[in-house]
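In what follows, a structure is listed as structure tokens, so that the remarks can point back to it.
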Amino acid sequence: MKEKIKSLVKNSLEQISDCNSLKELELIKIEILSKNGSFANLMKDLKNIPNEQKPFYGKIINEAKSEVLNVFSTKSSILNEQEQNAKEKKEALDVTLSKKYNIGAFNPINIVKQDISNIFIGMGFSLADGPEIELKKYNFDLLNIPEDHPARDFTDTFYITENLLLRTQTSGVQVRVLEKEKPPIKIICPGKVYRPDDDATHSPMFHQIEGLYIDENVTLKDLKKTLEEFAKLFFDKHTTVRFRPSFFPFTEPSVEVDLSCSMCHGKGCNLCKNTGWLELLGAGVVNPVVLEKSGLDSKKYSGFAFGIGVERAAMIKYGIPDMRLMFDNDVRFIKQFKF
Ligand code: DAH
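Those letters in the sequence shown? Residues 158 to 496, by the working numbering.
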């Protein structure tokens, strides 16, 4: 009997000492100390020994049991503390975690739209707005665009109904403002426009910034001064602009505005195809017909207008070769550009 008790204590203490989790400890407790456990079985064995020895062994078994119980509770509190610590560590806020996430960035289209707008706002222009779903009247008719102009064709314009379309240019906002306001008028309108084109330099949706300045005695010279100032602020202070004759039905005269190449400064390089110039925008003196159609006295008032392609400006400024990169919105691409 003595041997049995000794080996049970030894076994129990070894099992408790090797145990690594509360769950496991609980199982050991059931095995050793429960009603049908090893100690209880040992007590049952007492019936096989002589009566006079029973109290003696009974006492020894109880003492052995309470020794095991003591070790068991010490082990239980150690494991409990360890598991608690591990849990807290796991649940604690990992301050290094944010490094693993890609933080978003502003798309270069938005950066450029904002930069250009800010420059003109700094020159006294205010923001105007117009609908993207536009009436044919504002997108074409009141801008003096003839009925048979190819831009009106359904292959060049997304029509919704015969008279309703997705605006193909922000120029319609000029007319909307002219109808509502009295000169001096000095507005820009940044916004989305839509055309059925899709390749490396064209997208079915792109952005323009329209500009309009109407007052007494506003001339082509004022337009040149304004755009030159803009180009120096937006690109760099060495940038110059040149006007090439062009044609738009809503301006007379009309010009195509080129920038001195931002890469080679006029010497000729790949970007400017060795011309030293980059085409940036269309502009001109507002056609008196447009003023009259909107009820303004064209003898008293004159003005200039311009339309900047935002994606084109971004491509020139940052040397982006394919417009579609800006629409993909891949954060690895867009986070290269900073406000
Ligand atoms: N609306 C023209 C286009 O989309 C750009 C433009 C040209 C706007 C001349 C103007 C302008 O205001 O005067 O191609």
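We put the CB at the ideal spot given by N, CA and C, even for glycine.
Here the C-alpha atom of Ile317 lies approximately 21 Å from the C-alpha atom of Gln365. Glu436 carries a strand assignment under DSSP once its states are collapsed to helix, strand and coil. Collapsing the DSSP output to three states places Thr408 in a strand. In this structure, Gly329 lies near Gly287, with their beta-carbon atoms less than 8 Å apart. Contact check for Phe315 against Gly368 fails: the beta carbons are separated by 8 Å or more. Relative to the ligand DAH, the beta carbon of Ala440 is positioned inside 7 Å of a heavy atom. Pro361 is the residue among Glu289, Pro361, Glu468 whose C-alpha sits nearest the C-alpha of Thr312. Comparing C-alpha distances from Val443 to each of Gly464, Ser178, Met483, Val269 shows the shortest one belongs to Gly464. Taken through DSSP and simplified to helix, strand or coil, Phe297 comes out as coil. Annotation for Ala462: the continuous beta strand (DSSP E) segment containing it runs 459-466. Residues Val269 of the same chain have their beta carbon placed closer than 6 Å to that of Ala470, with the five preceding and five following residues left out of the count. Assignment of Pro212 by DSSP, reduced to helix, strand and coil, places it in the helix class. Counting the other Cβ atoms within 10 Å of the Cβ of Ser419 gives 16 or more, which makes it buried. When the beta-carbon positions are compared, Asp415 and Leu437 come within less than 8 Å of each other.
Between Leu182 and Leu250 a beta carbon distance of about 31 Å is seen, past the 8 Å cut, so the two are scored as non-contacting.
Relative to the ligand DAH, Ser328 has its C-beta within less than 7 Å of a heavy atom. Here Phe405 really is in contact with Gly439; their C-beta atoms are around 6 Å apart, less than 8 Å. Using a Cβ distance threshold of 8 Å, Val350 and Arg333 do not count as a contacting pair.
Counting along the chain, the unbroken beta strand (DSSP E) around Leu322 starts and ends at 321-323.
If you look at Gln365, you'll find it in the beta strand (DSSP E) that goes 362-372. The continuous beta strand (DSSP E) containing Ile344 extends over residues 342-351. Judged by beta-carbon spacing, Glu238 lies beyond the 8 Å limit of Leu179, meaning their Cβ atoms are not closer than that value. When the five nearest sequence neighbours on each side are left out, the beta carbons in the same chain lying within less than 8 Å of the beta carbon of Pro307 are those of Asp313, in order along the chain. Judged by DSSP in its simplified three-state form, Ile290 adopts strand. When the beta-carbon positions are compared, Leu299 and Lys456 stay at least 8 Å from each other.
By the Cβ neighbour-count rule, Leu435 is buried, with 16 or more other Cβ atoms within 10 Å of its own. In the DSSP assignment, Leu284 forms a beta bridge with Ile345. Just measuring C-alpha positions, the residue of Tyr475, Arg481, Thr383 sitting nearest Gln493 is Tyr475. Comparing C-alpha distances from Arg352 to each of Gly452, Glu385, Thr327 shows the shortest one belongs to Thr327.
By the Cβ-count criterion, Glu468 is buried, with 16 or more other Cβ atoms from all chains shown falling within 10 Å of its own Cβ. At least one heavy atom of the ligand DAH lies less than 7 Å from the C-beta of Ser411.
Beta-bridge partners assigned by DSSP to Glu413: Arg401, Gly439.
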